[in-house]
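For reference, the structure discussed in these notes is given below.
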Amino acid sequence: MQVDLESGLLRGARQIASPNFDSRPAGVETDLIVVHGISLPPGEFGGPWIDRLFTNTLPPQQHPYFAEVAPLRVSSHLVLDRDGKVTQYVRFTDRAWHAGKSVYKQREACNDYSVGVELEGTDTLPYAAAQYGALAEVVAALCAAHPRLSARRLVGHSDIAPGRKTDPGPAFDWPRARRLIASACRRTRRR
Ligand SMILES: [Zn+2]
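Laid out in structure tokens, this is it:
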């Protein structure tokens, strides 16, 4: 996988344009990756509903939870589904709306300077092996493109919005993710 710096697109990813984005503040460099978990409805996988949420076309009458979240205007740069398939919704050069009210090392508004990566999943069900593999490839591609990003600058949504957000949850195996990311980054650097 490779990031095209000019377009802000991830080559090889499925592309679905979300209208839920705006410009990053001038002069702000991307230097954080935020890992999330998402499933719609909660605990169910594989439907078209994440695409629909991020394109503001979620049918509120379909499920009580949809009625709750359909009015939200949210997005993420990437979603990794249970098979590890990668979809991009917002260009990395633009600000996606994934973190909400957030703070990282005393710096607020993480959306300004982060890339949002959603893993289809829940806080308590193990994430799929294919998702760890895809995450490692994506992070390696991002680190290769953005010098201020690194495998160390990877946090969970719960880390930057504690008390408000719990994803990706205890089901997310951080040591496993960091191991795979480290080896993907080494491979990418050697290329
Ligand atoms: Zn989240």
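Residue 1027 is where the sequence shown starts when you use the working numbering, and the numbers rise one by one after that.
Even glycine gets a Cβ: it sits at the ideal position worked out from N, Cα and C.
Please read all numbers here as calculations on a predicted model, not as lab measurements.
Between the options, which lies nearest to residue i when the distance is taken from Cα to Cα?
i       : options                               : result
Pro1068 : Thr1081, Thr1150 and Ala1155          : Thr1150
Gly1063 : Pro1045, Tyr1115 and Phe1198          : Phe1198
Ala1155 : Thr1119, Lys1131, Trp1200 and Ala1187 : Trp1200
Pro1090 : His1103, Arg1099 and Leu1066          : Leu1066
Ser1033 : Glu1144, Glu1070, Pro1085 and Phe1118 : Phe1118
Thr1214 : Thr1192, Phe1071, Ala1171 and Gly1072 : Ala1171
Asn1082 : Asp1109, Lys1191, Gln1088 and Pro1097 : Pro1097
Tyr1130 : Gly1182, Gly1110 and Thr1148          : Gly1182
Val1116 : Arg1204, Leu1036 and Arg1205          : Leu1036
Ala1187 : Ser1140, Gly1126 and Thr1148          : Gly1126
Ala1052 : Asp1120, Arg1204, Lys1111 and Lys1191 : Asp1120
Going by the beta-carbon positions, is the gap between residue i and residue j smaller than 8 Å?
i       : j       : result
Val1061 : His1124 : no
Ser1128 : Phe1047 : no
Thr1056 : Arg1174 : yes
Leu1106 : Val1095 : no
Leu1058 : Cys1136 : yes
Val1054 : Asp1185 : no
Ala1210 : Ala1166 : yes
Leu1104 : Glu1134 : no
Arg1108 : Gly1142 : no
Helix, strand or coil for residue i? Go by DSSP, reduced to three states.
i       : result
Arg1050 : coil
Gln1087 : helix
Thr1150 : coil
Arg1205 : helix
Asp1185 : helix
Arg1040 : strand
Arg1121 : strand
Val1165 : helix
Asp1109 : coil
Tyr1115 : coil
Arg1212 : helix
Could you tell me the distance, in whole angstroms, from the CA atom of residue i to the CA atom of residue j?
i       : j       : result
Thr1113 : Pro1194 : 18 Å
Ser1176 : Glu1163 : 13 Å
Tyr1153 : Asp1030 : 28 Å
Ser1044 : Arg1050 : 16 Å
Arg1179 : Gly1189 : 21 Å
Glu1146 : Pro1196 : 14 Å
Gln1132 : Asp1077 : 32 Å
Arg1099 : Trp1075 : 14 Å
Once you ignore the five residues that flank residue i on each side, which residues in its own chain have a CB closer than 7 Å to its CB?
i       : result
Arg1202 : Tyr1158
Lys1111 : Arg1040
Got a sec? Which residues, its chain only, sit under 6 Å from residue i by beta carbon, not counting five neighbours each side?
i       : result
Gly1038 : Met1027
Gln1041 : Gln1114
Ala1093 : Pro1086
In chain order, what residues of the same chain have a beta carbon less than 8 Å from the beta carbon of residue i, not counting five sequence neighbours either side?
i       : result
Ile1207 : Leu1161, Ala1162, Val1165, Ala1166, Ala1177 and Leu1180
At a cut-off of 7 Å, would you count residue i as near ligand 3, judging by its Cβ distance to the nearest heavy atom?
i       : result
Lys1131 : Inclusion of ligand 3 in the displayed structure is not the case, the ligand content consisting of ligand 1 alone.
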